[in-house]
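Numbering (the working numbering), first residue to last: 130 to 615. Every residue, glycine too, gets a C-beta built ideally from N, C-alpha and C.
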């Protein structure tokens, strides 16, 4: 595609050495640059993209997009106020504005994004729609799953994904939108048909510093610049603020406070949940394998979206009944002697509270909780997670979870600072060994809960991504394909 076409709508401070190149590729990684590329010089937290200009040109870059102007002979240099915004605009143009050919649903919140996205997708598939999903568990085009490095991909990958979805006939895409994606303008120029607000709780304060800043970024997407209308959890304190302050139409959902969509007669057993949903006095009977009050909220959000899109009650009920197991979310493995191992992605204090609160209601024997904290997490969060885990568990196993360059001894110390003194605590750096040891120590009717990684397939240690999976470790202990997951 010609350079003149892909920079349409871009506000430039200056352009040097313009030639209407036929652009073959977009990249912000100098090592990925090929002949005929546009290279975006992004200033990150620790890096300045300008230091990689020489390598990018050597690899074939013919256009540079920069914030700090440079002059290089025979290279087109486009200077802009914000390279990240420019990357979103150019990526959208380069991939033919395919986002505009799709209906789009944005799911925003600290917890529940993945589950809510997959519930919505299941309902829409039952409504004979071809659906794509973008989120923490990867990119789904129909029944095909592709890996993704981020909950919300960078603009180049994101708009490429939209183009692939269009080519495969996808009509609606449900995507998780992270706070980092909003902050870094990954979704700049994208307009959503419907938005979802699930909740806000303590997360990413290492980056956003405080809850006011974090919540402000999360909620900044809910306006006419980014979406037509949205659904909002008004049992969440931030959801109430958002519902009151928004200038676009909103549908409220919840259990406790007055709202448009609410659940009643909630009944739960080890086999699932049964309850009724009132949608503006229209009643829907829900039966699902999903457990926990937090999943009732995820279901209410999904039903609210479905009704806005005109889906019938019968299709909603069928979509929830036929919902497949969501990878990494309350995956229960049964073993001999009524032992259970549960794998869940919960990695925030609020997530711990919800998952362990559910386990407490369902378990019979003792409970062992195994978890770690990512290397960049703040000390307050670590201590709070230790406190919550110790309130529910008989034994804690503190191990690694994407430790990165952090000192494990310090992470451990921060965690145990919040632990109740009456709880046994085991320290083990090697996560696979920690799981194996905890499994071997299990007694009749005991439950072992592994938190934090879900179906992640790597551990971040130092500056490397090392292959690792809680699921593979557990299935290996239980006999591979013979593992009994419910």
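Beta carbon proximity, residue i to chain B, threshold 8 Å
i, result
"residue 455", "Among the protein chains of the structure shown there is no chain B, as only one such chain exists."
Contacting residues, own chain, Cβ-Cβ under 7 Å from residue i (five flanking each side not counted)
i, result
"residue 276", "267"
"residue 482", "517"
"residue 515", "544, 545, 546, 547 and 548"
"residue 492", "576"
"residue 318", "217, 218 and 221"
"residue 364", "383, 384, 385 and 386"
"residue 137", "222"
"residue 610", "Note that residue 610 scores 46 on pLDDT, short of 50, meaning its location in the model is unreliable; the coordinates nonetheless yield the value given after this. Once the five neighbours on either side are set aside, residue 610 has no close Cβ partner at all."
"residue 324", "235, 237, 350, 351, 356 and 359"
"residue 409", "389"
"residue 436", "408"
"residue 239", "328, 329, 330, 332, 477 and 479"
"residue 228", "221, 288, 291 and 319"
"residue 284", "216, 217, 220 and 315"
"residue 595", "587 and 588"
"residue 444", "252, 255 and 256"
"residue 376", "352 and 353"
"residue 224", "288, 289, 291 and 292"
Proximal residues to residue i (C-beta, below 6 Å), its chain only, five neighbours per side dropped
i, result
"residue 361", "326, 368, 371, 372, 379 and 381"
"residue 438", "none"
"residue 243", "264, 265 and 266"
"residue 253", "260 and 301"
"residue 247", "455"
"residue 442", "413"
"residue 467", "574"
"residue 598", "586"
"residue 164", "189"
"residue 297", "270"
"residue 521", "485 and 489"
Contacting residues, own chain, Cβ-Cβ under 8 Å from residue i (five flanking each side not counted)
i, result
"residue 300", "231, 232, 258, 259 and 260"
"residue 205", "132, 144, 145, 146, 147, 148, 150, 191, 192 and 193"
"residue 199", "179, 182, 193 and 206"
"residue 209", "139, 140, 141, 142, 194, 195, 196 and 215"
"residue 211", "196 and 314"
Enclosing beta strand (DSSP E) for residue i [first to last residue]
i, result
"residue 471", "469-473"
"residue 411", "411-417"
"residue 576", "576-580"
"residue 235", "232-237"
"residue 381", "379-383"
"residue 250", "Note, residue 250: premise wrong, no beta strand (DSSP E); alpha helix (DSSP H) at 242-255."
"residue 190", "190-195"
Residue i Cβ short of 7 Å to the ligand MG heavy atom set
i, result
"residue 260", "As far as ligands go, the structure on display features none, and thus does not contain the ligand MG."
Terminal residues of the alpha helix (DSSP H) in which residue i lies
i, result
"residue 621", "Outside the shown range of the chain (130 to 615) lies residue 621, about which nothing can therefore be said."
"residue 152", "It is not in any alpha helix (DSSP H) - residue 152 carries neither H nor E in the DSSP assignment."
"residue 586", "Note, residue 586: premise wrong, no alpha helix (DSSP H); not H, not E."
"residue 187", "182-187"
"residue 427", "422-437"
"residue 348", "340-348"
"residue 604", "599-607"
"residue 134", "132-135"
"residue 369", "366-374"
Beta-bridge pairing of residue i - partner residues as DSSP gives them
i, result
"residue 159", "BP columns for residue 159 are empty, so no partner."
"residue 502", "According to DSSP, which records beta bridges pairwise, residue 502 is partnered with nothing at all."
"residue 145", "206"
"residue 392", "406"
"residue 594", "589"
"residue 225", "In the DSSP output, where bridge partners are listed per residue, residue 225 has none listed."
"residue 172", "177"
"residue 359", "324 and 379"
"residue 264", "267"
"residue 397", "402"
"residue 217", "Residue 217 is not bridged to any residue."
"residue 167", "155 and 192"
TODO: Assess, as a yes-or-no matter, whether the region 552-559 is touched by the region 519-527 under the definition of 3 or more beta carbon pairs within less than 8 Å.
DONE: yes
Open item on the list: Tell me whether the region 568-582 and the region 493-504 touch, counting them as touching only if at least three CB pairs, one residue from each stretch, are closer than 8 Å.
Closed with: By the criterion of at least three beta-carbon pairs nearer than 8 Å, the region 568-582 is in contact with the region 493-504.
- [ ] Pair every Cβ in the region 341-361 with every Cβ in the region 220-239, then say whether three or more of these pairs are closer than 8 Å.
- [x] Yes, they touch.
Open item on the list: Closer than 8 Å is the cut-off here; do at least three beta carbon pairs connect the region 470-487 with the region 441-449?
Closed with: no
- [ ] Within the region 274-338, note down every full alpha helix (DSSP H) run reaching 4 residues or more, in order along the chain.
- [x] 284-296, 308-312 and 334-337
- [ ] Would you check if the region 529-541 and the region 583-600 touch, i.e. whether three or more CB-CB distances between them fall below 8 Å?
- [x] A contact between stretches requires three or more CB pairs, one per stretch, nearer than 8 Å, and the region 583-600 meets this requirement with the region 529-541.
- [ ] Evaluate the contact criterion for the region 292-312 versus the region 334-348: three or more CB pairs, one atom per stretch, below 8 Å.
- [x] With the cut-off at 8 Å, the region 292-312 and the region 334-348 touch.
Task: Length at least 4, wholly inside the region 485-566: the alpha helix (DSSP H) runs in chain order - done: Taking only runs of at least 4 residues, the alpha helix (DSSP H) segments lying wholly in the region 485-566 are 508-521 and 537-545.
- [ ] Would you list, in sequence order, the uninterrupted alpha helix (DSSP H) runs of no fewer than 4 residues that lie entirely inside the region 439-466?
- [x] Runs of the alpha helix (DSSP H) lying entirely within the region 439-466, each at least 4 residues long, are 442-450 in chain order.
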